[in-house]
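As structure tokens, the structure follows; a few thoughts come after it.
Chains as they are written, first to last, in UniProt numbering: chain A, 1 to 202; chain B, 1 to 202.
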């Protein structure tokens, strides 16, 4: 027998979060009720505005509440002539965290997957093609995931670039920094040998 | 550079949930935005009503949106004359799940902790004492946690019971079912020897 219907509803609703099962949902609900009701209310407010107001950037398709996101809107980033193509908005955060890249992005929000009925238009390649036609783009950096689908998607976009005579590059695959060679899997190791770079002597 | 301020606010707010760090918060926010906006809105709604409307049962102090919770309000549970004293509402769920207990509860919402300034009134012992005076209670089952504070709290409540001439019992400490004797810690094992029960032959 439950003592509160609202509490039960809250626990059920919390399970829509990824990685939250019945036990965690219970712990979260009790924690908020007992120790942080203000935080709970703030979360409710943030959730409802985010779910309602956040759409996609009309240029790069990442999440934003504006028409054009802050990165696309930045003239310094436009000057670079670089566009980094990633699968998800989380990948933007990862690339930004490196501090190595100062260009713009294009977010596919997925990858090509004909078996699931996900074609070029579903991952915004029509939008990307228009940008290739009308914008002065020097190079597209293809930073899709190194999975079968990610590689196929990169290949498809590379062909688009060829059509429109825009340079395309793929991020390097190889041995991760700080790892040990004997622990690296064979596919990665063979990629690192095939993709070896000439050492430059000054 | 972030692409959306609302998204950043959402990630910050999600971190008020226990066990959610920056990475999980990011994963949750992207998951809701990409795959389950309806669920996110429902969660916002459930959170805001729960945080605003859920209070404490006037009799047992557990979480409920009514004045008296469903368990306290149940005449069959009143007839048993039993009250199980637990530290938190989650403990009620645990005891209810056993199906072994059909009486009512009293939730302390914590335990005595003089060093933190938590005295008897803070854990509702004034309310409990009034119930001991005015209600026909046969027995208080003390089911506080088997920690130093839980034991001290149980001891304190047992003395209250003695004053008001109400029976009191403590849940059994001992070897957990399905465990192996050699893996059980010494304190638990000595409790299980001290608290041994005579076998009854028919």
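All C-beta atoms in this analysis are idealised placements derived from N, C-alpha and C, irrespective of residue type, glycine included.
Problem set entry | Interfacial residues, the segment 106 to 117 of chain A to chain B, with Cβ spacing under 8 Å | 109
Exercise. By how many angstroms is the C-alpha of residue 2 (chain A) removed from the C-alpha of residue 154 (chain A)?
Worked result: 52 Å
For this session: Taking only the alpha-carbon atoms, compute the straight-line gap between residue 85 (chain B) and residue 21 (chain B) and give it to the nearest angstrom.
Result: 34 Å
Exercise. Which residues in the same chain as residue 161 (chain A) place their Cβ atom closer than 8 Å to its Cβ, once the five residues preceding and following it in sequence are excluded?
Worked result: Result list for residue 161 (chain A): 132, 140, 167, 168, in chain order.
For this session: Along the beta strand (DSSP E) that carries residue 105 (chain B), what are the first and last residues, could you check?
Result: 104 to 107
Problem set entry | Environment of residue 202 (chain B) [buried if 16+ CB atoms lie within 10 Å] | Answer is exposed; the Cβ neighbour count stays below 16.
Exercise. Three-state secondary structure (DSSP) at residue 144 (chain A)?
Worked result: Coil.
Exercise. Residue 196 (chain A): buried (16+ other C-beta within 10 angstroms of its C-beta) or exposed?
Worked result: exposed
Exercise. Can the beta-carbon of residue 71 (chain A) be found less than 9 Å from the beta-carbon of residue 92 (chain A)?
Worked result: yes
Problem set entry | chain A residues whose Cβ lies nearer than 7 Å to that of residue 14 (chain B) | 43
For this session: Would you list, in chain order, the members of the segment 63 to 83 of chain A that have their beta-carbon closer than 7 Å to a beta-carbon of chain B?
Result: Residues 63, 64, 65, 69, 70, 71.
For this session: Report the three-state DSSP secondary structure of residue 166 (chain B) (helix, strand or coil).
Result: Reduced to three states, the DSSP call for residue 166 (chain B) is coil.
Exercise. What does residue 82 (chain B) pair with, by DSSP beta-bridge criteria?
Worked result: Answer is B:139.
Exercise. Per DSSP, residue 118 (chain A) forms a beta bridge with which residues?
Worked result: Beta-bridge pairing links residue 118 (chain A) to A:113.
Exercise. What does residue 26 (chain B) touch in chain A if you count any residue whose Cβ is under 8 Å from its own?
Worked result: 90, 93
Exercise. Is residue 137 (chain A) near residue 83 (chain A), with beta carbons less than 9 Å apart?
Worked result: yes
Problem set entry | Per-residue DSSP class, three states only, for residue 150 (chain A) | helix
Exercise. When DSSP labels each residue in this structure, what does residue 62 (chain A) get in the three-state scheme?
Worked result: Of the three classes helix, strand and coil, the one that applies to residue 62 (chain A) here is coil, per DSSP.
Problem set entry | Classification of residue 117 (chain B) by the beta-carbon crowding that lies within 10 angstroms, buried from 16 upward | Classification for residue 117 (chain B): exposed.
Exercise. Hey, residue 10 (chain B) and residue 29 (chain B): beta-carbon distance below 9 Å or not?
Worked result: yes
Problem set entry | DSSP three-state assignment for residue 178 (chain A), whether helix, strand or coil | Residue state, collapsed to three classes: coil.
Problem set entry | CB contact check: residue 58 (chain A) to chain B, cutoff 9 Å | no
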